Amino acid sequence: FLIREIQQVLVEIGDKDPSFIGSREWIGAIELSFVLDKLLGASCKIINVRSGDELPEKCRELAIHFETQGTPVMIGGGVLAYTLLGVDYNEASGDCAFLILDPHYTGGDDLKKIVNGGWCAWKKSVDSKGRSFFLKDKFYNLLLPQRPNMV
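In this text, residue positions in the sequence shown follow this note's numbering: the first is 120, and each later residue adds one.
Next comes the structure, spelled out in structure tokens:
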């Protein structure tokens, strides 16, 4: 979908004022859940975390999501956005890594360029130098699209 189409849907459902169309205002996980529901009939689960420090605590729940639903997860926090494609969760140690795709990539479908450029990579919540990938002073909303239940 084009950004303008997403903005139009948010105006049509009454979530945003008409001045939102064409603006550069943030479209977060909550708004995207409204759009997926309206355009595709897809329901979504939302996980809220108060701090980036809490994201590793959700790793087991995210692993279950990928096993049962298999859909990418949108992560929005502050003015940052990521697409989560998977998690590597060690049940014994609780260690977790996140397979992150940066949704701001605008090049071609060149996998080597995407990986070598760091646009898609495994990220630990805290790297070997002690730097946090997810910010401690930001909240995050995680959007987990649900597959339709078939009878």
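Glycine residues also receive a C-beta, built at the ideal position from the N, C-alpha and C atoms.
From a predicted model like this one, the values you see are computed outputs, not experimental measurements.
- In this structure the stretch 239 to 251 touches the stretch 214 to 227; the number of beta carbon pairs closer than 8 Å is three or more.
- Here the alpha carbons of residue 185 and residue 234 stand approximately 21 Å from one another.
- Look at residue 139 here: in three-state DSSP terms it is helix.
- The stretch 156 to 219 contains, as complete alpha helix (DSSP H) runs of 4+ residues, the segments 178 to 187 (chain order).
- Its chain contains 206, 208 and 215 as the residues whose beta carbon lies nearer than 6 Å to that of residue 178, once the 5 sequence neighbours on both sides are disregarded; these appear in chain order.
- With a cutoff of 8 Å on beta-carbon distance, residue 152 and residue 165 are scored as near each other.
- According to DSSP, residue 224 shares a beta bridge with no other residue.
- Contact between residue 190 and residue 263 holds, with the beta-carbon distance rounding to 7 Å and staying under 8 Å.
- A distance below 8 Å between beta-carbons, with the five flanking residues on each side excluded, links residue 141 to the following residues of its chain, in chain order: 123 and 126.
- Here residue 198 is exposed: its Cβ has fewer than 16 other Cβ atoms, across all protein chains shown, within 10 Å.
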